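J.: Below are the structure tokens for one structure; questions will follow.
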Amino acid sequence: MPRLMTTLTLGAALVALAACGRGDPQLMNLRNTESGPDEFAILPTNPIEIPTDLASLPQPTPGGANRVDPDPEADAIRALGGDVARANRAAGDIVTYSARFGVTPDIRGTLAAEDLAYRSDNRGRPLERLFNLNVYFDAYRPMALDRYAELERLRRAGVRTPAAPPEGIELE
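When the letters of the sequence shown are read in order and numbered with mature numbering (1 follows the signal peptide of the UniProt record, and there is no 0), they come out as residues -18 to -1, 1 to 154.
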């Protein structure tokens, strides 16, 4: 009996200790624990204007300009230190180049369905499911790219590659 109690006590202590761990990346938790993103703090926002005659307002155009922010994308580019003239210059060329082998119009739905099927087949162990642990990286580990092996493969093939940090050094 004392041996059983010791085992149960140690087991409970290990479970409690594991539950206190914060080793999972915060980006993988689909909960918003912050009051809001900092990105919005740097964007210029103009005060809302209410005209004296509301009937004179134009019809809303989704995705279009409005009276307060006639060009919000250009304002954001300027606020982030970019050049508006260069920002949209090659956008059409990039889209054309990336679509040269064809485009699947429903790719998001297809990927979501495949991801759901793969994750449901790789759900994790019962205790991981019971304690709602994030098993995302474990599920996709077989598909992960070994960046250093790929870097060496490309270099052996004669492809010019950028410098990479030595293996084992973590960047902050």
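Built from N, CA and C at the ideal position, the CB exists for glycine as well.
Fair warning: this is a prediction, and the values are worked out from it, not measured in the lab.
1) Any idea what DSSP makes of Asp57, helix, strand or coil?
2) Of all the alpha helix (DSSP H) runs that stay within the bounds of the segment 72 to 118, which reach a length of 4 or more residues?
3) What is the rounded straight-line gap between the Cα of Ala146 and the Cα of Ile76?
4) Rounded to a whole number of angstroms, what is the C-alpha to C-alpha distance between Arg107 and Pro42?
5) Between the C-alpha atoms of Ala(-3) and Leu112, what's the straight-line distance to the nearest angstrom?
6) Whole-angstrom Cβ separation of Ile59 and Val66, contact assumed at under 8 Å?
7) DSSP three-state label for Met(-14), please.
8) I'd like to check one pair, Ala121 with Arg101: are the Cβ atoms closer than 8 Å?
9) Quick one: Cα of Thr143 to Cα of Gly64, how far?
10) Return helix, strand or coil for Val141, following the three-state DSSP convention.
11) Look at the Cβ atom of Tyr130, then the Cβ atom of Glu110, and state whether they are nearer than 8 Å.
12) With C-beta atoms as the reference, is Ala47 less than 8 Å away from Asp53?
13) Which residue spans inside the segment 24 to 49 form an unbroken alpha helix (DSSP H) run of at least 4?
14) Terminal residues of the continuous alpha helix (DSSP H) containing Arg68?
15) Would you kindly work out how many angstroms separate the C-alpha atoms of Ala37 and Glu31, rounded to a whole number?
16) Using only the alpha-carbon positions, how far apart do Val141 and Leu133 sit?
T.: According to the data block:
1) As a working note, residue 57 is residue 75 in the sequence shown. Helix, per DSSP.
2) Counting only runs of 4 or more, we get 73 to 80, 89 to 103 and 108 to 112.
3) Here residue 146 corresponds to residue number 164 of the sequence shown, with the count starting at 1. Here residue 76 corresponds to residue number 94 of the sequence shown, with the count starting at 1. Distance from the CA atom of Ala146 to the CA atom of Ile76, rounded to whole angstroms, is 26 Å.
4) Position 125 of the sequence shown, counted from the start, is the residue given in the question as residue 107. Position 60 of the sequence shown, counted from the start, is the residue given in the question as residue 42. For Arg107 and Pro42, the distance between alpha carbons rounds to 51 Å.
5) Position 16 of the sequence shown, counted from the start, is the residue given in the question as residue -3. Position 130 of the sequence shown, counted from the start, is the residue given in the question as residue 112. Near 14 Å, if we compare the C-alpha coordinates of Leu112 and Ala(-3).
6) As a working mapping, residue 59 is identified with position 77 in the sequence shown. As a working mapping, residue 66 is identified with position 84 in the sequence shown. Their Cβ separation, rounded to whole angstroms, is 5 Å, which keeps Ile59 and Val66 in contact under 8 Å.
7) Translated into positions along the sequence shown, residue -14 becomes position 5. The DSSP-derived three-state label of Met(-14) is helix.
8) Counted from its first residue, the sequence shown places residue 101 at position 119. Counted from its first residue, the sequence shown places residue 121 at position 139. Yes, the Cβ-Cβ distance between Arg101 and Ala121 is below 8 Å.
9) Along the sequence shown, read from residue 1 onward, the residue named residue 143 stands at position 161. Along the sequence shown, read from residue 1 onward, the residue named residue 64 stands at position 82. Taking the straight line from one Cα to the other gives about 27 Å.
10) Here residue 141 corresponds to residue number 159 of the sequence shown, with the count starting at 1. If DSSP states are grouped into helix, strand and coil, Val141 belongs with coil.
11) Start at 1 with the first residue of the sequence shown, and residue 130 comes out as number 148. Start at 1 with the first residue of the sequence shown, and residue 110 comes out as number 128. With contacts defined by Cβ atoms closer than 8 Å, Tyr130 and Glu110 do not form a contacting pair.
12) As a first step, residue 47 must be located in the sequence shown, where it is residue number 65. As a first step, residue 53 must be located in the sequence shown, where it is residue number 71. Between Ala47 and Asp53, the C-beta gap is smaller than 8 Å, which places the two residues in contact.
13) Counting only runs of 4 or more, we get nothing.
14) Locating residue 68 in the sequence shown gives position 86, counting from the first residue. In this chain, the alpha helix (DSSP H) harbouring Arg68 covers Val66 to Ala69.
15) Start at 1 with the first residue of the sequence shown, and residue 37 comes out as number 55. Start at 1 with the first residue of the sequence shown, and residue 31 comes out as number 49. Rounded to whole angstroms, Ala37 to Glu31 spans 14 Å at the Cα level.
16) Taking the sequence shown and counting its residues from 1, one reaches residue 141 at position 159. Taking the sequence shown and counting its residues from 1, one reaches residue 133 at position 151. Taking the Cα positions, Val141 is about 9 Å away from Leu133.
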